[in-house]
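Take the sequence shown: its position 214, counting from 1, is numbered 243 in our numbering, and each next residue is one higher. Don't be surprised by glycine CBs; every beta carbon is placed ideally from N, CA and C. What you are looking at is a predicted structure, and each value in this text was computed from that prediction instead of being measured. Below is one structure; the comments refer to it alone.
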Amino acid sequence: MEGHGTPEHEAAAALKSIARNEKIKARLMTDPFLKGILLRAASRFVCGEEMPEALEAAKKANGLGHAATIDYMGESTRDEALAERATEEFVRVAKEIKTRGLDSSISLDLSHVGMALDADFAFENASKIARAAREAGTEVMVSMEGTERTDEILSLHERLSESFEEVGITLQAYLHRTESDLAAALERPGRIRLVKGAFEEPESAALPRDSTDLDEAYRRHMETLLASGHTLSIATHDETILDHAHEFIRENGLEASNAEFEMLYGITPERLEAMRERGCRTRVYLVYGEEWYLYLCHRLAEHPPNIYRAVASLGSLRDLTPS
Ligand SMILES: Cc1cc2nc3c(=O)[nH]c(=O)nc-3n(C[C@H](O)[C@H](O)[C@H](O)COP(=O)(O)OP(=O)(O)OC[C@H]3O[C@@H](n4cnc5c(N)ncnc54)[C@H](O)[C@@H]3O)c2cc1C
C-alpha cells in the first residue's frame, strides 16, 4: 500500500480514531474557543447549521447546472425523540425542495433516524421520508456507514425498495464484500452510489484507502454498473477515475445512460464543472446541521493537506482569541 507509515497516513489514521472518541469530541465542542476553530475549518465543507443555508446552496448549485442532494448531518442517534426529530427535519427538507422547485434529492444515514435503536423504528422513519420524497418527485439516497452496520443497512434498503423505487443505496468500493453486495443491489430498483469508503476498517474487511488495488476495485465496480444500465452515481473526486469513466461511457455509447457524477460540497468544484462541460449529469452533496464534527474529521483525514489548510486558517483567528 502506498503511503502506509508516512506521517500523512499516521495523521489520517489518528484523526479517524479521534473522530470516534466521544470524550475528545465533548472536550472540543464545549470549549467555545476550540469549537470556533473547528467551525471555521468545517465551513469549507458544510453549508451551515440551519436548513435555509443548505436550500440556498442547492439553489446556487442548480443555477450552475448541477443537481444537489441535501443531508441533514447526524448518525448513531440513541434517543428515540431525537431520531423522530431528525425524521421530521428530513420530511421538511423534502417539502421545501418541492415548494422551491429545487433539483435536489435527500441523503441520510439510517442510524440518524433510529437504526441504532431498532430496525423497525428506522424502517418506519425512513419510509416517512421516502414518502415525502416521492411527493416532492425526488429520491432518497441511503449512505453507507462502518462495517458493523453494513448488513443492517443493506437489509433495511432491501425492505425499503419493496415499496419505494426512489430509495437508493451507497456501496463502498474498498470493502471486499462489495462484489456480491453490488450484484444484489443491481436486482433492486433505486440508484446505486459508488464511493471509495471513508471509515477506518481492518484489512480483513477492506482494501487500504491509498492503494492501487482500491482504484482498480472502484473502476471494476463502476464498469459493471455503467454496463448494467442501472441508475447510478459515480461519487468520487479522483481525476483518473473520472477520466476513465468518461472514456468508458464514450467508447460504449452510454451517453444516454442513467449515470451521474457526484461530489462533496467544497471539494474540487472545478472537476464537477469539467464533468458538466463534458455533457454529464452532475450533483453536489450538501450537508448542514449541528453534527458536523465527525464529517469534518473524515474530510480532513481523507486528504491530509486539508489539515495544513485548517492550521493555516488559525492565522485569521484574532477575533476568537479570548481576551
Ligand atoms: C456524494 C458522495 C457521497 C459519499 N457517501 C459516503 C458514504 O455513504 N459512506 C462512505 O463511507 N463514504 C462516502 N463518501 C466519501 C468517500 O467514501 C470518500 O471518502 C471521498 O469521496 C474521497 O474519496 P475520493 O473517491 O474522492 O478519492 P480520493 O483518492 O480520496 O481523492 C481523490 C482526489 O480528490 C481530492 N479530494 C478527495 N477528498 C478530498 C478532501 N476531503 N479534501 C480535498 N480534496 C479531496 C484530492 O484531489 C484527491 O487527490 C461519499 C463521497 C461522495 C462524493
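For residue 82, the secondary structure class from DSSP, reduced to helix, strand or coil, is helix. Of the residues assessed, residue 50 falls on the exposed side of the cut-off, its CB having fewer than 16 other CB atoms within 10 angstroms. For residue 331, the enclosing alpha helix (DSSP H) stretches over residues 322-331. Looking at the backbone, the Cα of residue 127 and that of residue 225 are separated by about 31 Å. DSSP, reduced to helix, strand and coil, places residue 101 within a strand of the structure shown.
Judged by DSSP in its simplified three-state form, residue 75 adopts coil rather than helix or strand. Residue 215 and residue 40 have their C-alpha atoms roughly 37 Å apart.
Not one heavy atom of ligand 1 falls within 7 Å of the beta-carbon of residue 66.
Within 10 angstroms of the beta-carbon of residue 135 lie 16 or more other beta-carbons, which makes it buried. Taken atom to atom, the span from the alpha-carbon of residue 181 to that of residue 115 is near 19 Å. With 16 or more other CB atoms across the displayed protein chains lying within 10 angstroms of its CB, residue 200 is buried. Residue 282 and residue 252 have their C-alpha atoms some 13 Å from each other.
Taken atom to atom, the span from the alpha-carbon of residue 94 to that of residue 302 is near 9 Å. Here DSSP, grouped into helix, strand and coil, assigns residue 184 to helix. Not one heavy atom of ligand 1 falls within 7 Å of the beta-carbon of residue 299. For the pair of segments examined, the stretch 313-326 was found to touch the stretch 58-71: the number of CB pairs separated by less than 8 Å reaches three.
Remark: the shortest separation between the CB of residue 264 and any heavy atom of ligand 1 falls under 7 Å. In the DSSP assignment, residue 290 falls within the beta strand (DSSP E) that extends over 288-293. DSSP places residue 251 in the uninterrupted alpha helix (DSSP H) bounded by 241-257. Between the stretch 217-236 and the stretch 253-267, the count of Cβ pairs shorter than 8 Å is three or higher; the stretches touch. For the 8 Å CB-CB criterion, residue 287 and residue 250 do not form a contact. Taking a cut-off of 8 Å on C-beta distances, the stretch 145-163 touches the stretch 181-191, as three or more cross pairs fall below it.
Classified as exposed, residue 285 has fewer than 16 neighbouring CB atoms from the shown chains inside 10 Å of its CB. Contact between the stretch 207-214 and the stretch 83-94 is absent: fewer than three C-beta pairs spanning the two stretches fall below 8 Å. Ranked by Cα distance from residue 45, the options 165, 326 and 123 are led by 326.
Straight-line measurement puts the Cα of residue 101 at about 27 Å from the Cα of residue 247. Note on geometry: alpha-carbon atoms of residue 105 and residue 178 lie some 10 Å from one another. Cβ-Cβ distances below 6 Å link residue 96 to 132 and 312 in the same chain, with the five nearest sequence neighbours on each side left out; the list follows chain order. Here residue 167 is not near residue 314, since their CB atoms are 8 Å or more apart. The criterion of a C-beta distance shorter than 8 Å is satisfied by residue 159 and residue 195. A distance below 8 Å separates the beta carbons of residue 316 and residue 75.
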